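Colleague:
Residue numbers (the working numbering): 25 to 162.
Set out below in structure tokens:
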């Protein structure tokens, strides 16, 4: 068995063969990733779709956004998330921020989204990055 120096372990990806989980070693902190080590496409033959289409997605989001006193500001938060090959929402990140309160709410709502119809490449379901603007209006 090869020995790995501590400095080599920082940011090294370790595969756990027992349960096929991916863990990242980053500055001594180990945690599961939300998206397994696989290629995540930016563009595919058939992009993921929300059941009922884009209008249904916007209706679902507007019906599930919760405003608090912290989120009195209006604006557009742009989020990206992975729609996995099973249709689940994986990693969520803010790519255009308004403020912490609106960003947190946009991420919360995205994590709560029901399953999508997954994207397809060459007829096979694949994981795809999905970009979504969320507009906050009072």
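Positions of the beta carbon are idealized from the N, C-alpha and C atoms, including for glycine.
Keep in mind the model is a prediction, meaning the values are calculated, not measured.
1. Under DSSP, the beta strand (DSSP E) around residue 115 begins and ends at which residues?
2. Using only CA atoms, which one of 156, 98 and 83 lies nearest to residue 116?
3. Around the C-beta of residue 185, are 16 or more other C-beta atoms found within 10 angstroms, so that it is buried, or is it exposed?
4. Counting C-beta neighbours from all protein chains within 10 Å, is the total for residue 108 16 or more, i.e. buried, or is it exposed?
5. Compute the distance between the beta-carbons of residue 103 and residue 159, then report whether it is under 8 Å.
6. Using CA coordinates, which residue listed in 85, 63, 66 and 93 is at the minimum distance from residue 125?
7. Using the rule of at least 16 other Cβ atoms within 10 Å of the residue's Cβ for burial, across every protein chain shown, is residue 67 buried or exposed?
8. Short of 7 Å in beta carbon distance, which residues of its chain neighbour residue 140, apart from the five on each side in sequence? Order them along the chain.
9. Drop a sphere of 10 angstroms on the beta-carbon of residue 17, count the other beta-carbons inside from all chains shown, and report buried for 16 or more, exposed for fewer.
10. Would you mind working out which of 154, 123, 114 and 98 sits nearest residue 136, comparing C-alpha positions?
11. Helix, strand or coil for residue 131, going by three-state DSSP, please let me know.
12. Mind checking whether residue 122 and residue 100 have CB atoms under 8 Å apart?
Modeller: With the structure as the only source:
1. 113-120
2. 156
3. Residue 185 cannot be examined here, being either before or after the span of the chain that is shown, 25 to 162.
4. buried
5. no
6. 93
7. exposed
8. 72, 73, 74, 107 and 111
9. Outside the displayed span of the chain (25 to 162) sits residue 17, for which this structure offers no information.
10. 114
11. helix
12. yes
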